[in-house]
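This report refers to the structure that appears directly beneath it.
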Amino acid sequence: MSLLTLPNAREQTKSVRATVLVFEDARSQELLSRIERLAPSEANALIIGETGTGKELVARHIHKLSRRSGAPFVAVNCGAFSESLVESELFGHEKGAYTGAISSKAGWFEAANGGTLFLDEIGDLPLNMQVKLLRVLQEREVVRLGSRTPVPIDVRVVAATNVNLADAVVAGHFREDLFYRLHVATIRLPPLRDRPGDILPLAGFFLEEHCQRLGYNRASLSPEAERKLLAHSWPGNIRELENAIHHALLVCRNRLVQPADLQLAELPGAPRHEALFHPLAPGADDALEQALLKLFESNRADLYEHVEEVLFRTAYHFCHGNQLQTGRLLGISRNIVRARLEKIGELNLRRVG
């Protein structure tokens, strides 16, 4: 069985990432073949796939199969930093470049010099940073924040996204020139539901792995439990499967997992989110127009700010407090969502609560 695991995967049980990837399904084997053909090249790569499908595992495998395998592999989540810090994190800064910069620091590009830089959630990168990233890819040098001296770098960039960057380009949220710069070698990672041949091999791996961690004797799946696993849609992909197996081992009897031991459920609100991809119900636009006309008649001095606040707060609540989902719903980046929510005090309210 072709198997990929993250380094020290046993120490990352609380990670939201997929830590294991197998290639048993015919579609997965075709994917592995494509990865192995693209990996030896020096081309920048773009990995597209849902959360939990194993994008970082694929990026690491690309690095391992390239001539850079002996050099650093550095993984960075572009959505993990505030807009004010992302430039310093990526490109580094000099002492005194900003308040709190008490010493010089190399950025992630310099840390990955000679190797591979994995930029996860590239779609969350602010537009002004996209411009600077494009320049770095073109000039192959970085300039630290607070400096005028370019630092040469030799880095292969592998980016990943769980959103459609082509749509983001059309919407004006992602630069077209950067999109084509990253789109040289594209790898589309199918969700788990589209590669059913991987489900049971993955389940078997997780059974053995968690039995070892828990100190249990070897366990197995009943035929009925296997059928239930194969019938599930897996919105959470590999991470959801691992959690389901872990839970089943804790509650099953005689080391045999039965269907009732598998806690499989769609995410709360999932059916509502499906409605986002369908046209509005008849009359919805008319109702919105009437509501706006009433607001226009009220002669509010802060009308634009009021409408924006209601829009963001309502979208945020609709997405159950998930900033990434809110950004997808509104067609903007999570950084913009976070900035607007902070502006209207919504994040502060949730922290207090």
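Each residue of the sequence shown is one higher than the one before, counting from -5 in my numbering. Even for Gly, the Cβ is constructed at its ideal location relative to N, Cα and C.
- For Asp114, the CB contacts under 6 Å within the same chain, skipping 5 residues up- and downstream, are Asn71 and Ala154 in chain order.
- Your pair Asp192 and Ser22 checks out as a contact, with CB atoms roughly 6 Å apart and the cut at 8 Å.
- The shortest CA-to-CA distance from Leu243 to any of Asn293, Ala33, Gly315 and Leu256 is the one to Leu256.
- Your pair Leu111 and Val151 checks out as a contact, with CB atoms roughly 5 Å apart and the cut at 8 Å.
- Residue burial is scored here from C-beta neighbours: Gly166 has fewer than 16 other C-beta atoms within 10 angstroms and is therefore classed as exposed.
- Classified as buried, Ile147 has 16 or more neighbouring CB atoms from the shown chains inside 10 Å of its CB.
- Under the DSSP assignment, Ile181 falls in the beta strand (DSSP E) whose first and last residues are Ala179 to Arg182.
- For Leu79, the closest of Gly64, Arg138, Ile42 and Ala37 by C-alpha to C-alpha distance is Arg138.
- For Val80, the uninterrupted alpha helix (DSSP H) run begins and ends at Val80 to Phe85, by DSSP.
- Assignment of beta-bridge partners to Ser214 by DSSP yields Leu250.
- In the DSSP assignment, Ala154 falls within the beta strand (DSSP E) that extends over Arg150 to Thr155.
- Less than 8 Å separates the beta-carbon of Pro253 from that of Ala219.
- Remark: C-beta atoms of Val331 and Gly321 approach each other more closely than 8 Å.
- Residue burial annotation: Asn293 is exposed, with fewer than 16 other C-beta atoms found within 10 angstroms of its C-beta.
- Secondary structure of Glu135 (DSSP, three-state): strand.
- When secondary structure is reduced to three states using DSSP, Leu256 falls in the coil class, being assigned neither helix nor strand.
- Looking at the backbone, the Cα of Gly43 and that of Leu186 are separated by about 10 Å.
- Under the three-state reduction of DSSP, Lys126 is assigned to helix.
- At a Cβ-Cβ threshold of 8 Å, Val149 and Gly109 count as neighbours.
- Under DSSP, Asn71 forms a beta bridge with Asp114.
- Counting of Cβ neighbours within 10 angstroms places Gly86 among the buried residues, the total reaching 16 or more.
- Boundaries of the beta strand (DSSP E) around Leu(-3): Leu(-3) to Thr(-1).
- With distances taken between CA atoms, Leu286 lies nearest to Val301 out of Leu324, Arg334 and Val301.
- Selection Tyr298, Leu224 and Glu81 evaluated against Leu121 yields Glu81 as nearest (Cα-Cα).
- Apart from the 5 residues on each side of it in sequence, Gly46 sits with its Cβ closer than 6 Å to the Cβ of Ala12, Gly230, Asn231, Ile232 and Arg233 in its chain, given in chain order.
- Lys99 sits in a strand when the DSSP states are folded into three classes.
- DSSP places Leu15 in the strand class (E or B) of the three-state scheme.
- Considering only Arg307, Ala69 and Gly325, the residue with the shortest C-alpha distance to Lys337 is Arg307.
- In the structure shown, the three-state DSSP call for Pro144 is strand.
- Val136 sits close to Glu104, with the two beta carbons spaced by under 8 Å.
- Short of 6 Å from the beta carbon of Ser141, and not among the five residues preceding or following it, lie these beta carbons of its own chain, in chain order: Glu88.
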